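Using the working numbering, read the sequence shown as starting at 425 and increasing by one per residue.
Think of the CB as a built atom: it goes at the ideal place given N, C-alpha and C, for glycine as much as any other residue.
Just so you know, these numbers come straight off a predicted model, no measurement behind them.
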Amino acid sequence: MKKIINILFTVLTGLAVMFIQSCKEDTTPPTITLIGSPDTIIAKNSIYIDPGATADDNKDDAVYVISDYSPSNPDETVTMPYTITYKAQDRNANMATATRTVNVTWTGSSLAYNYAVVDTSQMDTIAYASTVTPDILNTFRVYIGNLMNGTLFVSSTYADLKANSVTIPTQRPDGLFSPYIVSGSGTIADVPPNIIWDIHYTVQDTTGTLPTLHRHAVLVY
Numbered sequence: 425m426k427k428i429i430n431i432l433f434t435v436l437t438g439l440a441v442m443f444i445q446s447c448k449e450d451t452t453p454p455t456i457t458l459i460g461s462p463d464t465i466i467a468k469n470s471i472y473i474d475p476g477a478t479a480d481d482n483k484d485d486a487v488y489v490i491s492d493y494s495p496s497n498p499d500e501t502v503t504m505p506y507t508i509t510y511k512a513q514d515r516n517a518n519m520a521t522a523t524r525t526v527n528v529t530w531t532g533s534s535l536a537y538n539y540a541v542v543d544t545s546q547m548d549t550i551a552y553a554s555t556v557t558p559d560i561l562n563t564f565r566v567y568i569g570n571l572m573n574g575t576l577f578v579s580s581t582y583a584d585l586k587a588n589s590v591t592i593p594t595q596r597p598d599g600l601f602s603p604y605i606v607s608g609s610g611t612i613a614d615v616p617p618n619i620i621w622d623i624h625y626t627v628q629d630t631t632g633t634l635p636t637l638h639r640h641a642v643l644v645y
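Here it is as structure tokens:
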């Protein structure tokens, strides 16, 4: 009987050692897969529902994912980029993380006003007006008229919105054969009772008649 007990003890001890060793050998963290896009853009004052994430592990059958998604992350009333962080941990404390960026963004229609413009680069003595109109085909794009006070080109310059930033992609506002190429970027701030744009942009004359202009305009509604 004693011999049988010793054999069982040896077997159980061996199994325990094997289990512990197998646990120690597991240094691979789980793999997190986001559901949906890792870089999302939503309209200000809309409702965001996070699609979540899943996780797989090379040893464990089931691994749970937690995140810091909450009513304030993102805050749909404030335009800015928010980061949602996801974490998953297996039974051996191997931790994995993944992130999603949610950009709460102005829509073109919410920015469609006539703005007073101060060009701080050229020091225009007379403040002029710039009309912002929405792109009916793209929720997060606008057209900005009169960026150059009507002196160089008359058509509107399009700009893309994302979070609290604005990007003016490289373009020829007056069409394919226009000599002027415009590009730039800036920010949009909600400073009640005003909406303030702060844009730095460059105007290049491809004919070489004018030097490249680096301009800084502030639009205030």
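Item                                                                                                                                                                                      : Value
Okay, do the stretch 595-607 and the stretch 620-631 touch, 3+ Cβ pairs below 8 Å being the bar?                                                                                          : yes
Please state whether the Cβ-Cβ distance between residue 580 and residue 639 is less than 7 Å.                                                                                             : no
Below 8 Å, can you find three or more Cβ-Cβ pairs linking the stretch 557-573 to the stretch 506-522?                                                                                     : no
Tell me whether residue 634 sits in a helix, a strand or coil according to DSSP, three-state version.                                                                                     : coil
Run through DSSP, which three-state label would residue 643 get?                                                                                                                          : strand
Could you check whether the stretch 580-596 touches the stretch 511-530, counting it as contact only if at least three pairs of C-beta atoms, one from each stretch, sit closer than 8 Å? : yes
Given this structure, state the Cα-to-Cα distance separating residue 626 from residue 645, to the nearest angstrom.                                                                       : 23 Å
Between which residues of its own chain and residue 618 is the CB-CB distance below 7 Å, once the five residues before and five after are set aside?                                      : 644, 645
In the DSSP assignment, find the unbroken beta strand (DSSP E) run with residue 585 in it and report its ends.                                                                            : 581-586
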